[in-house]
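In this text, residue positions in the sequence shown follow my numbering: the first is 461, and each later residue adds one.
Every residue gets a Cβ at the ideal spot worked out from N, C-alpha and C, and that includes glycine.
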Amino acid sequence: MILQSIKLGMTTPEIMHFGDGHFHRVVFGLGPYIADYKEQALLACIEHTEALVEEFRLKALWDEYRIVGQLVPFTNDFPQADIHSLLLLDLLHQIIKGMFRDHPIDWVEQYIKKFNSKTDASAILDDID
């Protein structure tokens, strides 16, 4: 897994030289995780599926209801990385999504339409999609 190499820094303090000239022991952790609500619910395992998991086979849960019954949060084995405290609030996710995804995409689309013929703009936008 990609994050396995950083586990040691989450348990063993490292001595770091700070800008104030002092040395400090540092234990690293993971930062905020940005996801939409469906992904947050899946990662945090907060959907109330306990009764369903007890009642149905895991394959049936997935095939019929698209519920992942055997999911364990990817941060489960990491010290200093509780997925429940790392997930950002949905409002913050929406702000970041709007600023860094939706707004630039709208701007680029308007730019393409303004500086290209209708046919060329449609072809470019189709190619992007």
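Check your understanding: Can you check whether the CB of Gly491 is closer than 8 angstroms to the CB of Gln540?
Key -> Looking up residue 540 in the sequence shown gives position 80. Looking up residue 491 in the sequence shown gives position 31. Contact: no.
Exercise for review: Measure the C-alpha to C-alpha separation of Ser577 and Ile556 and round it to an integer number of angstroms.
Suggested key: Counted from its first residue, the sequence shown places residue 577 at position 117. Counted from its first residue, the sequence shown places residue 556 at position 96. Each residue's Cα considered, the two are about 32 angstroms apart.
Check your understanding: For Gly588, which three-state DSSP category applies?
Key -> As a working mapping, residue 588 is identified with position 128 in the sequence shown. Checking the sequence shown, residue 588 turns out to be Ile, not Gly. Note: Ile588 maps to helix in three-state DSSP.
Review point. Should Thr579 go down as buried or exposed, given a rule of 16 or more other Cβ atoms within 10 Å for buried?
Key: Numbered from its first residue, the sequence shown carries residue 579 at position 119. Counting Cβ neighbours within 10 Å, Thr579 comes out exposed, since fewer than 16 surround it.
Check your understanding: If we count the other Cβ atoms within 10 Å of its Cβ and call it buried at 16 or more, is Phe478 buried or exposed?
Key -> Taking the sequence shown and counting its residues from 1, the one referred to as residue 478 is at position 18. Classification of Phe478: exposed, given that the 10 Å Cβ count is below 16.
Review point. Applying the criterion that 16 or more other CB atoms from any shown protein chain within 10 Å of the CB defines a buried residue, is Phe575 buried or exposed?
Key: The residue labelled residue 575 in the question sits at position 115 within the sequence shown. The residue in question, Phe575, is exposed, as its Cβ has fewer than 16 Cβ neighbours within 10 Å.
Check your understanding: Can you pull the DSSP bridge partners for His484?
Key -> Translated into the one-based positions of the sequence shown, residue 484 becomes position 24. Answer is Met476, bridged to His484.
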